[in-house]
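Here's the structure, in structure tokens; my notes come after.
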Amino acid sequence: MKKLSTSKIFYCIYIGIIFAFFYLPIAVTMFFSFNSSKSLTHFTGFSMRWYVNLISDNEIMAAVSVSISIAIFATIIATILGTITSIGLSKCKKIVRELLLNVNNVPIMNPEIVTAIGFMILFSSLRISKGYMTMLLAHIAFCTPYVITSVYPKVKTLDPNLVDAALDLGATPFQALYKVLLPMLKEGIFAGALLAFTMSFDDFVISYFVTGNGVSNISIIVYNMTKRTNPTINALSTIVISIIFLTMLVVKIVPYIVRKRRKETLHEKIS
């Protein structure tokens, strides 16, 4: 019993250290976002001044708008392309499928700096003016492989006879796709879309190399802020962290509430 209790204490301490290592910097950032002074190490009093500065800063608000819009558009387009590609790969011959899957893994395993330089050279050689559209195209390109890696394993588990049965029963190819195939792939599609949105919203390296004409996203703005003492970065980081936390909370709670209501409805019908 003594050895067991000692191991439990050690385990709790170990877990506590790991959590502190991961979340203490976030907690410090959020704490100093309410600091009344510019100091990043000494708390002088509670204040919302940096949140007011954040909202009134047109450059930061423009960057937030760019980040959100590009992440949304890139996620939608990459999810559509990745899902269609995954379905198409399942119909290919094995040698072609394996070749394309290996090619798909190259952008994922490739260092971001190499990908960024490649996009920069591509857009420059095509004489495409760098700005919002080049950033969007680059985000679509590097997000799509992640969607494929999330959706394709789900496609492999499906019974192809289900689609054939739907077609035999009179469904059009679009109806078979929309009413039969996509509902069975929704978990993989959702995971791929969430991963694509996260990758796009978080990206800095590729965005930095393909942007221009005064177009910046949050990552670029934060990078520029680190060159000088600007506590507004703490306020911006706190808002982003809070949004992520609330999103995760909603994703966890909403399905639980739905399942609970379904059980209550089923129980009422039975009784």
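Per my numbering, the sequence shown starts with residue 1175, numbered consecutively. Built from N, CA and C at the ideal position, the CB exists for glycine as well. Given the structure is predicted, the values throughout are model-derived calculations rather than measurements.
(message) Below 8 angstroms on the Cβ atoms is my contact criterion, and I expect Val1329 with Ile1261 to pass it. Report the Cβ-Cβ distance as a whole number of Å.
(response) Confirmed, Cβ separation roughly 6 angstroms.
(request) Go through its chain and collect everything with a Cβ distance to Thr1318's Cβ below 7 angstroms, but skip five positions before and after it. (result) Ala1252, Leu1255 and Gly1256
(request) Sort Thr1308, Ala1345, Gly1366 and Ser1179 by Cα distance to Val1240 and report the nearest one. (result) Thr1308
(message) Can you tell me whether Pro1281 is helix, strand or coil according to DSSP?
(response) helix
(message) Between which residues of its own chain and Phe1375 is the CB-CB distance below 7 angstroms, once the five residues before and five after are set aside?
(response) Ser1241 and Ala1245
(request) Pull up the distance between the alpha-carbon of Arg1402 and that of Lys1304, whole angstroms please. (result) Looking at the two C-alpha atoms, the distance is approximately 26 angstroms.
(message) By the DSSP assignment, the alpha helix (DSSP H) with Val1321 in it spans what residues?
(response) Tyr1306 to Lys1330
(request) Using beta-carbon positions only, say whether Ile1395 and Ile1229 come within less than 8 angstroms of one another. (result) no
(message) Using only CA atoms, which one of Ile1314, Tyr1197, Tyr1225 and Leu1410 lies nearest to Ser1210?
(response) Tyr1225
(request) Answer yes if the region 1404 to 1415 comes into contact with the region 1259 to 1275, meaning at least three C-beta pairs across the two stretches below 8 angstroms, and no otherwise. (result) no
(message) Taking the straight line between their C-alpha atoms, what separation do you get for Leu1341 and Tyr1352?
(response) 12 angstroms
(request) Determine the closest residue to Ile1392 out of Ser1299, Ser1213, Asn1279 and Phe1378, with distance taken between C-alpha atoms. (result) Ranking the options by Cα distance to Ile1392, first place goes to Phe1378.
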